[in-house]
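Asker: In my numbering, the protein residues as written are -13 to 102. Idealized CB from N, CA, C, for every residue including glycine.
Spelled out as structure tokens, the structure:
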């Protein structure tokens, strides 16, 4: 049952991370280019760095937590374990997204004040 747990966990978390990452990247393009309309290369660079850091961090957490999965004997335990792990990853994604938005907003304000 442990092999099934690993496979299900990696598939679900991988698909979730890639989907959320692509959505944030596509929607973030508009958001960041509105902040830095005069320097689109800079805006695209920020968006690419955020996407790369997002994938490295979240996929690293998925791989790191594989070591600490509990022994699974029933389907109920499988669902509980995967739900617990995925909820942690989703909360982390939300927290980091909030930090990124706040940081970009503060940086934009400083950048805007210098250019005035």
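1. Report back the beta-carbon spacing between residue 14 and residue 33 to the nearest angstrom; my notes put them in contact at under 8 angstroms.
2. With distances taken from CA atoms, which of 77, 61, 16 and 58 is nearest residue 3?
3. Take the Cβ of residue -11 as the centre, count every other Cβ of all protein chains shown within 10 Å, and call the residue buried at 16 or more, exposed below.
4. Counting C-beta neighbours from all protein chains within 10 Å, is the total for residue -1 16 or more, i.e. buried, or is it exposed?
5. Check whether the Cβ atoms of residue 38 and residue 29 sit closer than 8 angstroms, and answer yes or no.
6. Could you tell me whether the Cβ of residue 35 comes closer than 8 angstroms to any Cβ of chain C?
7. Once DSSP output is grouped into helix, strand and coil, what is the label at residue 22?
8. Relative to the alpha-carbon of residue 31, which residue among 74, 96 and 90 has its alpha-carbon at the smallest distance?
9. Keeping to the same chain, check which residues put their C-beta closer than 7 angstroms to that of residue 36; ignore five residues upstream and five downstream.
Answerer: Checking against the coordinates, here is how it stands:
1. 5 angstroms
2. Minimum Cα distance to residue 3 is reached at 77.
3. exposed
4. Under the 10 Å beta carbon count, residue -1 is surrounded by 16 or more other beta carbons and is classified as buried.
5. no
6. The question asks about chain C, but that chain is absent: this structure has only one protein chain.
7. coil
8. 90
9. 14 and 86
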